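Undergrad: For reference, the structure I am asking about is given below.
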């Protein structure tokens, strides 16, 4: 909590001595969640401390919603209900209606003028660190923040603990606070049961920095070439592994490549197989359009060791970097099919996304990627002798893999009348400890999604469709771990053998002008595409709002459910007008009926 302190003097007369306000000066570069502590020189009458006697206004003289807390007889704290706007002037006024317990008024009313910071913290991701049992561990003094201008800045953090006892193994959460940022930062510390021992000296890993030389490569918006990013991460990874006694073989260690695109895979496969290495790791940069982002890791079909390592690398990578989790994927890439050892292909980000391009060329970010891979290689291979897999051989022709990009639009299909009773799983987004997005007038997303979901369920039941809910109230047994919570939602739908899964949400944006309806489906399997299209069409036809379309996604609940699944964004709760509509029971009923029509259009009912 960032506090400012004001000292107020109460007069010796019952009436105001001056008609003007005393100006306490101008303060600048104030963080967006600053709280003000007001101290008085005499005991104040609690009944005179309220939102009328203490007022906050912006530069246009609009009143700003605040909470005024009476701490004790001489101290009051003022909290803004919402964060201040950046680069904006404000005035905090203490009026002469504030009285002391003996009836005296403020000698002169007081005004404090301040302006907020121009560049502010937009996002700070939770972090994960790994250490060994009984190892010396120091909490980080700073965390990386994404600023409103897109820059990355290390900002000081205050943890709720000053030291960490590593005598017991396990996973522990430490909470931190950063001035100017409202959300609690969570550090997940994994203390391994014992320190990682050095692997046997003949353990070998092939590291493959994709592209290089004159080979085809993607280039970011500002000219960063993926071949340089891939090589930088690969060399950092190799150095980390060598320091632990692992032999490292590179498919290239500089920008010189003696082969062309047509023979690229085969040449890298030959280097790997000739080395008799135990493991293969390929470093790539993804590419598509400017908006697509996130990290993903691939393994070869049927290779259990590759699956295990890919899963652990992906999980650590996402937690360490805060990248969007695009998941672990099974693919028969030519290079993975051709090598004789377990292997993974890591795509830590999209070079074609301006923000991720900037991160991928950053030295500290590259270190995080390399360490995420190295830690899991060490944890999996330490002290073992992993033999080359017997069931993986280049028995099929080598095919150059295409970049993993969203799948093409599927062809429409004609729904048929169901031969059995249909069951729909309805998932009201958020709930319990998780309020979801909050509108400008305080409407909570979790309440809107629950109301619409219950109405939707009733409409479907009236049409002879069975319904199962992931929650029916705000009392939810969700675990504190977000992924575990999302998996519980998926388990409810999967265990019920539902035919369709519909997750209801409200959208939100930094700008209050954003508006429109959109519906998401699984980007990999295309499962749910027709359901998404039908629901989207019915919603847009019902309300006439902006059609933001149907979109492929990697959302957890859409990926991990076994049936056709979609996630519906009803409208933007961050838009004041739409917030009122979303909170209106009549409109909620219309949303429910439109979604129900989309579901029935899909099943042919």
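Residue numbers (UniProt numbering): 1 to 605.
C-beta: ideal position from N, C-alpha, C; glycine also.
The model shown is predicted, which means the values in this text are computed figures rather than measured ones.
Report the three-state DSSP secondary structure of residue 281 (helix, strand or coil).
TA: What you label residue 281 is simply residue 281 of the chain shown in a count that begins at 1. If DSSP states are grouped into helix, strand and coil, residue 281 belongs with the strands.
Undergrad: Assign residue 535 to buried or exposed, taking buried as 16 or more other Cβ atoms, counted over all protein chains shown, within 10 Å of its Cβ.
TA: Walking along the chain shown from the start, residue 535 turns up at place 535. The residue in question, residue 535, is buried, as its Cβ has 16 or more Cβ neighbours within 10 Å.
Undergrad: Taking DSSP as the reference, what is the three-state secondary structure of residue 509?
TA: The residue given as residue 509 occupies position 509 in the chain shown. Residue 509 falls in the coil class under three-state DSSP.
Undergrad: For residue 456 and residue 500, which I take to be in contact (beta-carbon distance under 8 Å), what is that distance rounded to the nearest angstrom?
TA: What you label residue 456 is simply residue 456 of the chain shown in a count that begins at 1. What you label residue 500 is simply residue 500 of the chain shown in a count that begins at 1. In fact, because the Cβ distance is near 12 Å, the residues do not count as touching under 8 Å.
Undergrad: Can the beta-carbon of residue 518 be found closer than 9 Å to that of residue 507?
TA: Start at 1 with the first residue of the chain shown, and residue 518 comes out as number 518. Start at 1 with the first residue of the chain shown, and residue 507 comes out as number 507. It is a contact, given that the beta carbons lie within the stated cut-off.
Undergrad: Quick one, which of 321, 228, 211, 101 has its alpha-carbon nearest residue 152's?
TA: For the purposes of this step, residue 152 is taken as the residue at position 152 of the chain shown. Of the listed residues, the one whose Cα sits closest to residue 152 is 321.
Undergrad: For the putative contact between residue 182 and residue 33, defined by C-beta atoms under 8 Å, what is the C-beta separation to the nearest angstrom?
TA: The sequence position of residue 182 within the chain shown is 182, counting from 1. The sequence position of residue 33 within the chain shown is 33, counting from 1. Confirmed, Cβ separation roughly 5 Å.
Undergrad: I'd like to know if the region 83-92 and the region 105-120 are in contact, where contact means that at least 3 CB-CB pairs between them fall below 8 Å.
TA: Contact between the region 83-92 and the region 105-120 is present, because at least three Cβ pairs lie under 8 Å.
Undergrad: Look at residue 374 and residue 237 and say whether their C-beta atoms are less than 9 Å apart.
TA: Position 374 of the chain shown, counted from the start, is the residue given in the question as residue 374. Position 237 of the chain shown, counted from the start, is the residue given in the question as residue 237. Against a cut-off of 9 Å, the Cβ pair of residue 237 and residue 374 comes out as a contact.
Undergrad: Are residue 347 and residue 278 closer than 9 Å when you measure CB to CB?
TA: Position 347 of the chain shown holds residue 347. Position 278 of the chain shown holds residue 278. In this structure, residue 278 does not lie closer than 9 Å to residue 347 by Cβ.
Undergrad: Taking 9 Å as the threshold (C-beta atoms), are residue 436 and residue 445 in contact?
TA: Mapped onto the chain shown, residue 445 falls at position 445. Mapped onto the chain shown, residue 436 falls at position 436. In contact: residue 445 and residue 436 (Cβ atoms closer than 9 Å).
Undergrad: Would you call residue 261 buried or exposed, if buried means 16 or more other Cβ atoms sit within 10 Å of its Cβ?
TA: For this step, residue 261 is matched to residue 261 along the chain shown. Classification for residue 261: exposed.
Undergrad: Runs of 3 residues minimum, wholly inside the region 449-521: which ones carry the beta strand (DSSP E) assignment?
TA: For the region 449-521, whole beta strand (DSSP E) runs of length 3 or above, ordered along the chain, are 466-469, 500-507.
Undergrad: Can you tell me the Cβ-Cβ gap for residue 520 and residue 567, rounded? I've got them flagged as a contact below 8 Å.
TA: Translated into the one-based positions of the chain shown, residue 520 becomes position 520. Translated into the one-based positions of the chain shown, residue 567 becomes position 567. Confirmed, Cβ separation roughly 4 Å.
Undergrad: Quick one, are the C-beta atoms of residue 616 and residue 45 less than 9 Å apart?
TA: There is simply no residue 616 to check, as the chain begins at 1 and stops at 605 in what is shown.
Undergrad: Residue range of the beta strand (DSSP E) that residue 246 falls in?
TA: Counting from 1 along the chain shown, the entry for residue 246 is found at position 246. No beta strand (DSSP E) holds residue 246; DSSP gives it neither H nor E.
Undergrad: Just the C-alpha distance for residue 91 and residue 56, rounded to the nearest angstrom, thanks.
TA: As a first step, residue 91 is located in the chain shown; it is residue number 91 there, counting from the start. As a first step, residue 56 is located in the chain shown; it is residue number 56 there, counting from the start. Going from the Cα of residue 91 to the Cα of residue 56 covers about 6 Å.
Undergrad: Of all the options 53, 64, 62, which has the alpha carbon lying nearest to the alpha carbon of residue 70?
TA: The count along the chain shown starts at 1 and reaches residue 70 at position 70. The shortest C-alpha separation from residue 70 is found at 53.
Undergrad: Going by DSSP, what residue range makes up the beta strand (DSSP E) through residue 80?
TA: Taking the chain shown and counting its residues from 1, the one referred to as residue 80 is at position 80. Segment 75-80, the beta strand (DSSP E) holding residue 80.
Undergrad: Can you find the residues in the same chain that come closer than 7 Å, C-beta to C-beta, to residue 677, ignoring five residues on each side of it along the sequence?
TA: The first residue shown for the chain is 1 and the last is 605, placing residue 677 beyond what the model contains.
Undergrad: For residue 327 and residue 336, which I take to be in contact (beta-carbon distance under 8 Å), what is that distance rounded to the nearest angstrom?
TA: Residue mapping note: residue 327 aligns to position 327 of the chain shown, counting from 1. Residue mapping note: residue 336 aligns to position 336 of the chain shown, counting from 1. No, residue 327 and residue 336 are not in contact; Cβ-Cβ is about 16 Å, not under 8 Å.
Undergrad: Kindly indicate which three-state DSSP category residue 587 falls into: helix, strand or coil?
TA: Translated into the one-based positions of the chain shown, residue 587 becomes position 587. In this structure, residue 587 counts as helix in the three-state DSSP scheme.
Undergrad: Quick one: grab the DSSP three-state call for residue 304.
TA: The count along the chain shown starts at 1 and reaches residue 304 at position 304. DSSP places residue 304 in helix when its eight states are reduced to three.
Undergrad: Mind checking residue 214: buried by the 16 CB within 10 Å criterion, or exposed?
TA: Position 214 of the chain shown, counting from 1, holds the residue named residue 214. The residue is exposed, with fewer than 16 neighbouring Cβ atoms inside 10 Å.
Undergrad: What are the partner residues of residue 105, as DSSP defines its beta bridges?
TA: Mapped onto the chain shown, residue 105 falls at position 105. Answer by DSSP bridge pairing, in chain order: 99.
Undergrad: Kindly give me the distance between the Cβ atoms of residue 560 and residue 487, rounded to whole angstroms, as I take these residues to be in contact under 8 Å.
TA: Within the chain shown, numbered from 1, the residue matching residue 560 stands at position 560. Within the chain shown, numbered from 1, the residue matching residue 487 stands at position 487. Rounded, the Cβ-Cβ distance is 7 Å, consistent with contact.
Undergrad: Measuring only the C-alpha atoms, how far is residue 329 from residue 527?
TA: Position 329 of the chain shown holds residue 329. Position 527 of the chain shown holds residue 527. Taking the straight line joining both Cα atoms gives about 16 Å.
Undergrad: From which residue to which residue does the beta strand (DSSP E) around residue 207 run?
TA: Here residue 207 corresponds to residue number 207 of the chain shown, with the count starting at 1. It spans 204-209 - the beta strand (DSSP E) in which residue 207 sits, taken as one unbroken run.
Undergrad: Can you check which of these residues, 350, 468, 314, 484, is closest to residue 495 by C-alpha distance?
TA: Here residue 495 refers to the residue found at position 495 when the chain shown is read from its first residue. Nearest of 350, 468, 314, 484 to residue 495, Cα basis: 468.
Undergrad: Under 8 Å Cβ to Cβ from residue 161, same chain only, skipping five residues before and after it: list those, please.
TA: Along the chain shown, read from residue 1 onward, the residue named residue 161 stands at position 161. Excluding residues within five positions, the ones whose Cβ falls inside 8 Å are 139, 174.
Undergrad: Per DSSP, what kind of secondary structure is residue 443 in: helix, strand or coil?
TA: Working through the chain shown from its first residue, we reach residue 443 at position 443. Three-state result, residue 443: coil.
Undergrad: Classify residue 195 as helix, strand or coil using the three-state DSSP reduction.
TA: Taking the first residue of the chain shown as position 1, residue 195 is located at position 195. Unreliable positioning characterises residue 195 in this predicted model, as indicated by a pLDDT of 42, which lies under 50. The coordinate reading is nonetheless provided below. Three-state result, residue 195: coil.
Undergrad: Once the 5 residues before and after residue 157 are set aside, which same chain residues still bring their CB inside 8 Å of it?
TA: In the chain shown, residue 157 corresponds to position 157, counting from 1. Here the set comprises 140, 141, 142, 143, 176, 177, 178, 185.
Undergrad: Can you find the residues in the same chain that come closer than 7 Å, C-beta to C-beta, to residue 368, ignoring five residues on each side of it along the sequence?
TA: Against the chain shown, residue 368 aligns to sequence position 368. Taken in chain order, the residues that qualify are 320, 321.
Undergrad: Please name the residue or residues paired with residue 147 in a DSSP beta bridge.
TA: Here residue 147 refers to the residue found at position 147 when the chain shown is read from its first residue. According to DSSP, which records beta bridges pairwise, residue 147 is partnered with 121.
Undergrad: May I ask you to verify whether the region 240-250 touches the region 305-325, counting CB pairs closer than 8 Å and requiring at least 3?
TA: Touching, no, given that fewer than three Cβ pairs across the two stretches are closer than 8 Å.
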